[in-house]
Structure formats: structure tokens, C-alpha cells
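What follows is one structure encoded as C-alpha cells, with my remarks underneath.
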Amino acid sequence: MTEPTPNARQRELIEAIEGIHVVDAGAGTGKTFAITRRYANLLSEGYEPDDVLLVTFTNNAATEMKERVVARCDYSMSALRDAPISTFHSFCHDLLLEYGADAPSYLGIDDQITQSTQLLENEVIEADRFRTFLSQFVDAHPEHEAVFRVLNDPTALLELIRELAAKGVFPTVDGWYRDGAAALDGDFGAFEELFAEANAPNEGANGATQSNLRTSLSGFERDRCFLPDAPSEDELREGYPSIDDRWAEEAFVEDREALTEFIHDVYVEYIQFAVRRNYLNFSFLQLFAFVQLCEDHALRESIAFEQVMVDEFQDTSEIQFKLTLLLAGTDNLCVVGDWKQSIYGFQYAAVENIRSFERRLRAYKRELNGEHERVAFPIEEVTTIPLRRNYRSTQSILDLSRHALTVPATGSESVDRTVEDIDGLEAATDRDHSTIAAFTSASEHEAILDRIETIVGNDDYAVDENGDLRTPRYDDIAVLTRTRRFGRELQTTADEFGVPVAYEGGVKLFETDQAILLLAWLRILADEDSRRGWAVVLERAGYTLAEVEQILDEHTYPDAMDAFRDRLAAMESIGAIARQVFERYGFEDAYASSLVALLQDVSDGTTRNLGGMIRFIERSLDAEATHEIDDNPGGDSITVQTIHAAKGLEHPIVIVANINRYSFPPAGGGDDRIRFEDPIGLRQTKLSSTAHGQPHLYDNWRYRVLSACLGRDYDEERRLLYVAMTRAQDHLLFSAGAEPSPLFENLPLEPESVEPDLEESRIDRTEQTRLQVSIPEPDVPAGQSPHALMDDRVFEDRDDGRGIEFGNRVHEFAEQYADGEAVEPASDDERRVRDFIDELEGELHVEEDAYLPVSVGEQEVTISGVIDLLHVTGDRVEIVDYKTDRTRDAETEYRKQLSVYYHVVRQLYPDREIEPSLFYSGKGTVVAIDPLSMESLSDLVKIERESNRSDQGENPTIR
DNA sequence: CACGAGCGTGTAGAG
DNA sequence: CACGCTCGTG
């Protein structure tokens with residue numbers, strides 16, 4: 001894309017090099033473009049890269065900025081490599097390594113930050129260390145027993161520490177840093193206002209009705225057990241239509257000394273624990289950098305930048321705002337953001353940082369200048385530059401998106417803001433060809449896929465490309481979801497129907513097939529839960545449930561698997577084991593390599609602590625840990641991602657999906673028992689007491705009242721919806737299921753109820769480098785392996801063969817050899833296999849799983865098996881099954897097996913000729929097989945099932 | 001008809 | 001824990 005000419009507002013920003021500027025940069029208004037141009041302009045005005053701090057939200061954004069700056073100025077990439085263009089976290093990291101050795105001393109902690117201090121990025125590992133810390137903490141502090149008993153989830157405590165750190169509340173060894181203690185107490189004045197608001201009478205048809213507060217306190221005692229000092233529901237709700245004002249103070253004022261002490265001790269001792277063990281988490285990085293900059297005046301003054309720019313300011317936390325002020329040596333400060341796109345509240349982003357920029361600026365300057373002048377520059381003059389010209393979407397999309405910010409998120413919520421209060425964006429294009437539509441369906445996944453099939457190739461959904469409209473493709477479409485789960489489900493359904501999908505964003509790495517198999521093998525190796533491990537491994541190999549059970553009961557594991565286990569047992573490191581497992585199963589993808597890297601990292605590369613590793617994986621599963629994985633298969637596929645992941649991106653056609661009750665907004669909230677909330681401060685929802693003789697957890701009635709006043713804020717949900725909508729360039733669709741969310745129903749749309757009909761689109765048009773096979777819905781179909789179809793009488797009295805063991809060895813060799821491993825043939829048969837493989841010129845796929853759905857009457861049955869070798873060339877695909885038989889007696893039975901593979905492979909490679917064949921290793925001959933039709937296979941399954949019904953009972957289902 | 005009480009329900013996001 | 005539904009009452 002050629003760089004456009006900046007518009008008037010953008011030019012104002014680019015050229016405004018002095019003074020404080022708040023850039024209110026709406027979605028798609030060329031923010032990154034303007035920032036990079038401004039940066040380049042600063043350089044051309046004589047600033048050195050070292051004079052200019054540019055803070056970005058992610059490391060990727062930092063790299064992109066650098067690249068774009070390089071394109072605009074005389075500096076090279078290498079000259080800018082060390083320029084301060086980075087995230088807050090990396091900046092703090094660098095600062096601490098260089099100057100922060102003594103930062104802990106300002107909190108009264110003796111240990112130093114050293115060059116070997118590591119940044120601990122993995123949260124599961126940190127949670128692990130925190131648990132270790134906590135158990136020794138409890139032993140050392142019997143006085144905290146009562147508060148500790150209240151905790152249900154120890155990691156929630158770590159979460160609380162992170163929150164306090166992000167809000168600038170730090171402990172010192174014997175108290176709180178600066179005015180941290182005040183924040184913990186909360187602000188009664190501010191609370192009183194919330195109380196009054198919640199307690200104001202409502203207007204009914206015949207005069208005043210009870211206040212929201214009074215309503216929500218009905219059922220005050222339901223499912224609860226309070227201490228005897230709690231008022232009864234009748235006492236509390238005595239007044240009408242409002243409850244008595246005295247309850248504000250009664251509820252707010254509470255003895256929280258034990259709680260505060262507990263949190264203080266856990267907090268400060270955990271910091272000590274971390275520093276002593278040479279690690280810091282993201283939160284402590286900022287905490288120590290802040291403290292160092294605060295206390296070391298000489299350092300602060302020497303670092304102070306002449307120019308500071310902060311991007312995505314709406315997603316900064318309180319501590320980051322303050323860090324910004326400490327790092328700015330002059331009032332040449334420029335923050336860029338859009339409150340409407342603030343969606344990281346759960347990472348403690350404070351939308352007020354940008355919404356109330358000037359108020360916070362004044363408050364923080366005053367606070368930081370308490371006993372020493374740290375922020376010397378004047379802050380009186382703040383210039384706001386609004387960027388309103390949108391280069392992404394059509395006007396109709398932009399007009400609709402404003403409604404997202406005013407839609408009630410629940411049936412009863414009233415939003416005190418109207419569309420007119422929202423600054424609208426103005427489309428740069430005159431063209432408005434947008435289709436804006438909404439649909440609901442009881443089967444939402446299918447309805448979405450159905451709609452996608454309608455869109456692709458349909459000029460009603462033509463998209464703009466350099467000013468011309470063209471026919472839409474799959475890769476023009478993005479499905480954006482609030483929750484990751486829905487995206488993953490959709491991906492599964494799409495695979496099933498052959499709609500090409502690329503899922504982008506965080507992946508729950510430990511829920512992938514790769515990790516599940518690895519975990520299974522680790523369990524087998526460590527002999528912990530080994531039955532579970534074997535079950536997974538055997539099922540994966542295509543054994544039916546009944547077969548698996550038999551093997552498990554009799555411990556008659558297939559020889560090849562036994563041998564493989566022994567091989568793994570000899571491995572030195574977890575990384576080697578993982579690599580070996582993935583190699584065996586043919587996983588050469590991004591998931592596998594990320595897992596190897598991660599596990600290597602976790603185990604410090606050397607130790608082979610299987611039990612520890614199993615627990616790490618289990619806990620990661622439990623914590624639903626996600627990892628960013630670059631797994632874009634390329635090609636023409638739709639994008640599925642969460643709204644969070646889509647931020648900053650754009651797509652020609654956007655489908656905002658799963659706008660359903662309990663999903664968007666998501667239901668519930670944390671059940672953390674110790675919380676820190678503005679303005680009530682630190683609170684516990686449960687109290688431990690022996691009021692009735694026995695120690696017992698009681699509900700805290702005060703918290704119950706306080707939380708009723710706080711209410712729930714759905715602004716962030718609306719902003720998420722806004723972000724989703726403003727990703728769309730040409731067309732914007734909304735989808736919901738059987739129970740749409742109020743967010744969906746209250747948008748000015750006319751939803752259409754649809755009944756998806758995907759029969760016709762069930763054609764596989766995917767052809768990807770990685771072999772992917774569709775696995776049908778798990779609940780209906782029954783599973784079989786191709787061997788079940790075969791008449792095994794032909795195998796019974798064969799003394800010509802050399803037994804299953806020999807066969808397995810040859811297969812094992814063939815697999816390893818085709819994979820390029822350095823293995824030597826140990827028999828004539830293996831030598832013949834080697835020669836055969838050497839002749840093949842195309843791409844080889846080894847041990848591929850094949851799943852074939854077959855309709856038998858009403859039922860869907862899945863036949864699964866493992867293809868020994870696929871040989872793929874430009875125009876054909878050869879399916880090879882090795883046989884060590886000396887005769888061809890069993891060929892009619894093998895034909896059934898190969899037919900199953902044939903139909904699976906045919907779907908994967910629709911444009912190529914498929915050649916199923918047997919390789920007889922005894923003679924080195926290849927025999928082509930004429931595949932059976934689907935109908936014949938279906939009949940075979942039917943016959944096989946009828947003959948088995950008597951002794952098998954219900955057919956087992958597999959997943 | 002209007003309001004309030006009682007009850008069943010389902011439970012994220014990401015560096 | 002807070003939604004929305006249903007049922008009971010004035």
C-alpha cells in the first residue's frame with residue numbers, strides 16, 4: 001500500500017511536536033500511520049531516537065512501528081533496533097536490568113535484582129511457585145489462619161496481588177509504600193454516592209416504587225449463613241421505597257485489620273520470595289521500575305525523555321499512567337487512544353485514564369510530587385486532537401456501530417447515554433454497498449456456515465478492493481466471537497462441513513490432540529494413571545472401545561506400542577520424549593513445536609521429572625492456559641477469532657457471532673473471596689469464625705450490601721461489541737442462537753430466523769498441506785475399525801506368515817524410514833521396504849489417521865483406521881498398506897480396509913487420482929486395489945453390526 | 001394491572 | 001450472584 005497523504009487532523013498531530021496532546025483516535029482513523037509519521041517527523045526535527053519514548057501495547061506493535069518508521073526516515077532498522085520503542089513491560093525490564101539492582105531496597109527488601117533475574121512469563125509456572133510460597137507462608141504465620149481459611153483458590157490471591165500492583169498499591173516490609181494504605185480502606189464518600197444512587201426510588205405508574213437497592217436485597221438471607229450480628233432482611237429492608245441511609249455506614253465500616261495485615265504479609269513476602277529466587281513477574285517488573293524511578297531522582301532525571309508517546313492509552317493501567325509521567329522530562333507528551341475501544345479491564349486497564357485524562361493527570365502529578373518534585377513540567381494546557389475520518393468502513397457500518405455503545409446489555413438495564421452523545425466517525429468513502437443483517441437459529445454454528453456459503457462468490461456481498469468491487473472469497477470473512485469456546489466449536493463444525501477455517505489468537509495448547517497424546521504417553525511412562533494413558537493411545541490407534549477395554553484388562557498391549565514405550569523410557573529429557581511422540585504421530589505443526597519448546601523451558605531443558613511434568617500439563621489444562629500460536633494454514637479460509645484478538649485488525653466481511661444470553665455478556669463473575677474494588681477497598685466475602693462453637697465460614701453480610709450498591713458495569717461489553725462492529729469494511733452480520741442476548745435484541749436490526757440447510761455445501765474443498773480429516777459429532781455415531789469389517793477366518797491358519805510380531809517390526813521400520821530416521825533394515829523384508837520407499841518421489845505422510853463416516857440406515861457410523869503411507873505427487877495420491885503375508889489369500893479382506901482409506905483420501909484430495917495399493921514386503925511387489933463403493937461399505941457395516949448385535953449390546957461410541 | 005417475592009439457571013477475556 | 005421467569009397479592 002502506498003502511503004497516503006495525511007488529512008488535516010493527522011497533519012496537526014504529526015506536526016504538533018510540543019505540549020501535551022490527547023489524540024482521540026477513533027477506529028480506523030489511521031492512528032498507527034499518524035504516530036509513525038509523527039515519530040519520523042520528530043527525527044527530522046532533530047530529535048535522536050534515544051530522545052523519544054514510544055510505548056506500544058504489544059511487542060508486535062513495537063516491531064511494526066519500527067518497520068514503518070524505517071520506511072519513512074533515514075534511519076535503518078539496525079539503527080532503530082535499540083531505540084526506546086517498546087511495551088511498558090520490556091521497557092521496565094531493560095531499566096531494571098541496567099539500573100534497578102537496588103529497587104527492592106526501597107521497599108525494605110535486602111535482596112537485589114541481578115543480571116540473572118528472570119522474567120517469569122508462564123502463568124501456570126508462576127501459580128505453581130506461588131502455591132509453594134503460600135504453603136510455607138501459612139506454616140510460618142499461624143496468626144493468619146482465620147483469613148487464610150476463607151480462601152477457596154490460592155491463585156486468586158496472586159491475581160489480587162497483580163491487581164494491587166497495577167493500581168499502584170505496593171507493600172513495604174513494615175507497611176505500605178507511599179499512600180497505599182488509603183486505597184485499601186476505600187473511599188466512604190464515593191461509596192455514599194453509589195449507595196444514594198442505588199437507593200433512589202424508582203418511578204412507577206402510580207408514584208414511587210422501591211429502589212434498585214431495596215429490590216436486590218430481597219432474598220438477603222437466601223442460600224446464606226451470616227454471623228449473628230447481621231441484620232435480618234426485614235430490618236434491612238424496613239424503609240420503603242428506599243432503605244434507611246444508616247445502612248451505608250453500617251455496611252461500609254468494618255474491622256478489616258486482620259485482612260489488611262494478611263494481604264500485606266502475603267504480598268510483601270511473595271515479592272521477597274520471588275526476588276530471592278531470581279524471578280519477577282510482569283506486575284513486579286512495573287512495580288520495581290516505578291519504585292526505582294520514584295526514589296532515585298538522579299536516575300529519573302537522567303532517563304527523562306524529551307518526547308513521550310503512548311499508544312493504546314485506553315488500555316493502560318494506573319501504574320502505567322504514573323510511569324509515563326515519571327519518564328517524561330518535559331510536557332512533550334502525546335497519548336493516543338479511544339475510550340470506545342477499551343476492552344482490557346481484566347488486565348486492569350483503566351478506561352478513566354483516557355476518559356478523564358486531565359483530571360487524572362492533575363491528581364497523579366500532585367500525588368507524585370508529594371514530598372519531592374518529580375513531575376516538573378506544566379500540565380495546564382492539554383490539546384485534544386480528534387481523529388474522526390475513518391478509512392475502513394462504510395458510513396452505514398459506522399452509524400450502526402455507535403448504537404453498540406448505548407445498547408442495554410440486560411433486559412432491565414438503562415444506559416444513561418444516547419447515540420447523540422457518541423462522537424460519530426465519518427467514512428472516507430462515498431460508496432455504501434453494505435449489507436447489514438442479523439439472523440438467529442437454533443443451530444447457530446450451521447447457520448453461520450450456511451451464511452458463509454451464501455456469501456462466497458455472491459456479488460450481493462461484493463467487497464471493495466482499491467476502489468473496485470469484486471466477488472467475495474472465504475478469506476474476506478471473519479467470524480468474531482466474545483468467547484473462545486464458541487470459536488473453537490465453530491471451527492470443529494466448519495471442519496466437518498468442509499468450510500476452510502483459520503483460527504487465530506490464543507490457543508488452549510494443552511487441549512490439543514498433540515498435548516493429549518503426549519500426556520497419555522507420559523502417564524504410561526511414569527506409570528501414573530497409566531490405564532488412562534493407554535486408553536487414549538489405543539483409541540487413537542483406531543481400536544474400538546470394546547477392544548481397548550479388553551487390552552487394558554489383559555495388559556496385552558500391541559508390541560509396537562510396548563517397544564515405543566521402552567524407547568521413550570530411554571530418553572534423557574522431556575523435550576526428547578515430546579519430540580519422539582510427535583514424530584511418531586506425524587505432528588510437525590506449530591502446536592507440536594510450541595509444546596516441545598514450552599516443556600523444554602518448564603523442565604529447564606535437562607531434568608526428567610515425569611510426575612512434575614504430568615502435573616504441569618494437568619494444571620495447565622485446569623487453568624485453561626492459552627498460548628499464542630502462529631497456525632495460519634494459509635490459502636483461502638475464513639478467519640475465526642475472539643473480539644480481543646481482532647482488535648486493531650480489519651476484515652471486509654465481519655460476522656459477529658454468539659451474541660447470546662450468558663455468553664455476551666458472559667454470566668457470573670469471579671467467586672474470589674478476597675476482593676479489591678473501587679471505592680470499597682479491600683473486602684472479604686466470607687468470614688471465618690467459631691461463633692457457634694465450631695469453626696465455620698460465614699457469609700459477610702456487609703459485603704452483600706456493598707456489592708448490591710456497586711452493581712454491574714456492562715460498558716466494557718458494549719465497547720467489545722463496538723470494537724467487533726468497527727472491524728468491518730464492507731458488510732456486517734450478527735448472529736445469535738435460540739436465546740439471543742439483549743445486546744442482540746436491542747440493536748436496531750430486524751433479525752431473521754433461519755433454518756440452516758448445509759446438505760449441499762458438504763463438499764470438501766479443503767486441501768491443505770497438513771492432513772486433516774473430519775471427525776463427525778461424537779454423540780450419535782458408533783465407531784468401528786476397518787478390521788471389524790474383515791472376515792478374520794482368512795488369517796486363522798496361516799503358518800506361512802511370520803507372525804504379528806514380525807509384521808509390527810516391518811511396519812515400525814517402514815514408518816521410521818519414511819520419516820527420514822536413520823534406521824537400518826534388519827531383514828530382507830525391511831530392505832525391500834527401504835528400496836520401495838527410496839523410489840518414491842512425492843511427499844510422504846506416515847501413519848495418518850483416517851476417519852470415514854458411513855450412513856447405515858438412520859445411523860452414522862465412523863470407521864477409523866491408520867494409513868501406513870500416503871505418497872502424494874502433483875496429480876496422484878498413492879495409498880500404501882504394508883503386508884508381510886507370503887500369499888495373497890487375504891486380499892479380498894484387505895480390499896475392504898483399503899476401500900475405507902480410499903474414500904477418506906479421495907475427499908482430501910478431490911483433484912487427484914487415488915491409487916490404493918498393497919505392498920507385499922515378502923516379494924517387494926505392489927498390488928493395486930480396486931476400491932469398493934460407499935454403498936458396498938455401508939452394506940458391509942450393516943452386516944457386521946447385525947452379526948455383532950447379540951454379543952455386543954449397544955454399540956460403543958468413540959470420540 | 002403493577003409490583004414484589006421466590007425460584008431456576010449457568011458461569012470470559014489475553015500478554 | 002444476578003439474571004428473567006412465574007406466581008401471588010393489592
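Reminder that position 953 of the first sequence reads as 953 in full-length UniProt numbering, one-by-one numbering, no gaps.
Even glycine gets a Cβ: it sits at the ideal position worked out from N, Cα and C.
Please read all numbers here as calculations on a predicted model, not as lab measurements.
Which residue comes first and which comes last in the beta strand (DSSP E) that contains H903?
Note, H903: premise wrong, no beta strand (DSSP E); alpha helix (DSSP H) at E891 to L908.
D174 versus R531, G108 and F226, residue with shortest Cα-Cα distance:
G108
Give me the Cα-Cα distance between R906 and A850, rounded to the nearest whole angstrom.
Going from the Cα of R906 to the Cα of A850 covers about 11 angstroms.
Check each candidate in E554, I674 and P695 and name the one with the smallest Cα separation from Y703.
I674
Looking at Y348: is its Cβ nearer than 8 angstroms to the Cβ of E163?
yes
Are the Cβ atoms of Y882 and V846 separated by less than 8 angstroms?
Not a contact, by the Cβ cut-off of 8 angstroms.
Between R619 and V124, which are expected to be in contact by the criterion C-beta below 8 angstroms, what is the C-beta distance as a whole number of angstroms?
6 angstroms
What ranges does the beta strand (DSSP E) occupy inside the region 460–500, keeping only unbroken runs of at least 3 residues that lie completely in it?
463–465, 468–470 and 477–481
DSSP-derived helix/strand/coil call for I614:
In the structure shown, I614 falls within a helical segment according to DSSP collapsed to helix, strand and coil.
Between the Cα of D94 and those of S116, D111 and S105, spot the shortest distance and give me the residue it belongs to.
S116
Going by DSSP, what residues sit across from D699 in a beta bridge?
F226 and K686
Distance between beta carbons of S735 and I659, contact taken as under 8 angstroms:
7 angstroms
Identify the continuous beta strand (DSSP E) that holds S384 and give its terminal residues.
One point to set straight first is that residue 384 is Thr, not Ser, in the sequence displayed. Unbroken beta strand (DSSP E) run through T384: V382 to L387.
H141 - containing alpha helix (DSSP H), residue span:
It is not in any alpha helix (DSSP H) - H141 carries neither H nor E in the DSSP assignment.
In angstroms with no decimal places, state the Cα-to-Cα distance between K942 and M934.
12 angstroms
Can you give me the C-alpha to C-alpha distance between L259 and G345, rounded to a whole angstrom?
25 angstroms
Pairwise C-alpha distance: W176 and residue 1022
Any question about residue 1022 goes unanswered here, given that the chain covers just 1 to 959.
At 3 residues or longer, and completely inside the region 305–374: list those beta strand (DSSP E) runs for me, N to C.
If only complete runs of 3 or more residues are kept, the region 305–374 shows the beta strand (DSSP E) at 307–310 and 333–337, in order along the chain.
Given this structure, state the Cα-to-Cα distance separating L327 from A248, to the nearest angstrom.
41 angstroms
Relative to the C-alpha of A541, which residue among E755, P786 and S232 is closest?
Sorting E755, P786 and S232 by C-alpha distance to the C-alpha of A541 places P786 at the top.
Tell me the DSSP secondary structure of T132 in three-state form.
In the structure shown, T132 sits in a helix (DSSP, three-state: H, G or I).
Buried or exposed (CB count within 10 angstroms, at least 16 for buried), H297:
exposed
Would you kindly report the start and end of the unbroken alpha helix (DSSP H) that includes K66?
For K66, the enclosing alpha helix (DSSP H) covers residues N59 to R72.
How far does the alpha helix (DSSP H) with S593 in it reach, from first residue to last?
A590 to V602
Our contact map puts Y391 next to A428 with C-beta atoms below 8 angstroms; I'd like the distance itself, whole angstroms only.
Between A428 and Y391 the Cβ distance is about 5 angstroms, and since that is below 8 angstroms, they are a contact.
Cβ neighbour criterion (16 or more within 10 Å) applied to R765
Low confidence applies here, because R765 scores a pLDDT of 37, under 50, leaving its location unreliable and the question unanswered by this model.
Let me check understanding here. Comparing Cα to Cα, which of A814, E677, G457 and L937 lies closest to D636?
G457
In whole angstroms, what is the alpha-carbon distance linking D244 and E250?
Their Cα atoms are separated by approximately 10 angstroms.
Length of the line joining the Cα atoms of L13 and Q307:
14 angstroms
What are the uninterrupted segments assigned as alpha helix (DSSP H) that are 4 or more residues long and contained completely in the region 240–265, given in chain order?
246–252
Go to S917, then tell me how far its alpha helix (DSSP H) extends in each direction, as first and last residue.
That residue, S917, is in no alpha helix (DSSP H); its beta strand (DSSP E) goes E913 to Y920.
Touching or not, the region 279–287 and the region 82–93, by the rule of three or more beta carbon pairs under 8 angstroms?
yes
Distance between A363 and V55 (C-alpha atoms, nearest Å)
22 angstroms
Starting from L522 and walking both ways along the alpha helix (DSSP H), at which residues does that stretch end?
Note, L522: alpha helix (DSSP H), D513 to A526.
Buried versus exposed, by CB contacts within 10 Å (16 or more), K647:
buried
Quick one: grab the DSSP three-state call for A404.
Of the three classes helix, strand and coil, the one that applies to A404 here is helix, per DSSP.
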